[in-house]
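Per my numbering, residue 157 is the first one in the sequence shown, and the count goes up by one each step.
Using N, Cα and C, we set each Cβ at its ideal position, and we do this for glycine too.
Keep in mind the model is a prediction, meaning the values are calculated, not measured.
Reading through the structure tokens given below for one structure.
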Amino acid sequence: MLHINKFFVSVIFVVSFFALAIMHNSKSSKVQNDLSNCVIRFHVKANSDTIPDQNLKLKVKDNVVGYMNQHSSEFTSLEDAKQFIASHDKDLKKIANTVIKNNGYDYAISSSFGLDDFPVKKYGDMSFPSGTYLSYTMYIGSGEGHNWWCVLYPPLCFVDASSGILPESSKEIIKENISEEDYSYISEDNTVFRFKYLTFLNKLFK
Numbered sequence: 157m158l159h160i161n162k163f164f165v166s167v168i169f170v171v172s173f174f175a176l177a178i179m180h181n182s183k184s185s186k187v188q189n190d191l192s193n194c195v196i197r198f199h200v201k202a203n204s205d206t207i208p209d210q211n212l213k214l215k216v217k218d219n220v221v222g223y224m225n226q227h228s229s230e231f232t233s234l235e236d237a238k239q240f241i242a243s244h245d246k247d248l249k250k251i252a253n254t255v256i257k258n259n260g261y262d263y264a265i266s267s268s269f270g271l272d273d274f275p276v277k278k279y280g281d282m283s284f285p286s287g288t289y290l291s292y293t294m295y296i297g298s299g300e301g302h303n304w305w306c307v308l309y310p311p312l313c314f315v316d317a318s319s320g321i322l323p324e325s326s327k328e329i330i331k332e333n334i335s336e337e338d339y340s341y342i343s344e345d346n347t348v349f350r351f352k353y354l355t356f357l358n359k360l361f362k
């Protein structure tokens with residue numbers, strides 16, 4: 157009888173575990189879908205993983221983000237931001253090219269503006285679930301190295317990704333576009349762990 161009870165307890169535990177995982181996965185998918193409709197992510201992909209190429213990537217990032225920061229007042233909505241990026245693509249690549257040449261490299265720079273997959277990512281005191289987001293991506297040379305990413309709209313590129321506090325203006329934009337419940341969900345202390353755990357489960361059962 158004791159063995160039977162232990163068996164049923166184990167079954168109940170496993171069933172409860174997966175039921176909870178499914179519930180959280182559904183919630184994470186909803187939050188990701190809502191966020192994807194109000195943000196624009198940013199990728200800079202290095203030529204390779206060598207230290208010089210990775211350092212060059214960061215210099216390109218600093219200059220491009222600096223330019224976007226100077227002009228951030230020109231886009232007060234998602235559509236404004238889309239139009240700004242599309243119309244200033246040549247300017248952004250020119251900035252990147254200048255940085256590349258000034259550092260003694262002859263890598264070509266290319267870009268794309270469309271949907272891209274992102275892992276779980278923390279920005280200051282807020283975490284975004286993994287999923288597909290609209291992204292402006294810059295490729296340095298072959299673009300085969302590790303990348304750097306942030307959020308161009310609302311502007312979160314200027315925040316320490318691990319410990320910074322997000323600007324209230326950026327938080328307000330996100331608050332206006334997702335529910336209060338969803339906003340609380342991405343702002344909780346254990347959100348990163350939960351999102352990464354759900355990503356692991358999704359890969360496990362694919």
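- Taken through DSSP and simplified to helix, strand or coil, Asp273 comes out as strand.
- For Lys331 and Tyr261, the gap between their C-alpha atoms comes out near 42 Å.
- In the displayed model, Leu212 falls within a helix according to three-state DSSP.
- No residue range can be given for Tyr263, since it is assigned to no beta strand (DSSP E) and is classified by DSSP as neither H nor E.
- According to the DSSP assignment, Asn333 belongs to the alpha helix (DSSP H) that extends over Glu324 to Asn333.
- Under the three-state reduction of DSSP, Ser229 is assigned to helix.
- Taking Ile241 as reference, the option from Asp218, Tyr223, Ser326 and Ser283 with the minimal CA-CA separation is Tyr223.
- Secondary structure of Gly222 (DSSP, three-state): helix.
- Taking every protein chain shown into account, the CB of Pro275 has fewer than 16 other CB atoms within 10 angstroms, so this residue is exposed.
- If you draw a 10 Å sphere on the C-beta of His227, you find fewer than 16 other C-beta atoms in it, and that means exposed.
- If you check the CB distance, Ser266 and Tyr295 come in under 8 Å.
- By alpha-carbon distance to Cys313, the top candidate from Pro208, Asn219 and Val187 is Asn219.
- Judged by DSSP secondary structure, Val200 falls within the beta strand (DSSP E) whose first and last residues are Ile196 to Lys201.
- If you ignore the 5 residues before and after Asn259, its C-beta comes within less than 8 Å of the C-beta of Leu212 and Lys215, all in its own chain and listed in chain order.
- Counting every other CB atom within 10 Å of its CB across the protein chains shown gives Pro310 a total of 16 or more, marking it as buried.
- Following the DSSP letters along the chain, one finds Ser283 inside the beta strand (DSSP E) bounded by residues Met282 to Phe284.
- Counting of Cβ neighbours within 10 angstroms places Lys257 among the exposed residues, the total staying below 16.
- Under DSSP, Thr288 takes part in a beta bridge, and its partners are Asp273.
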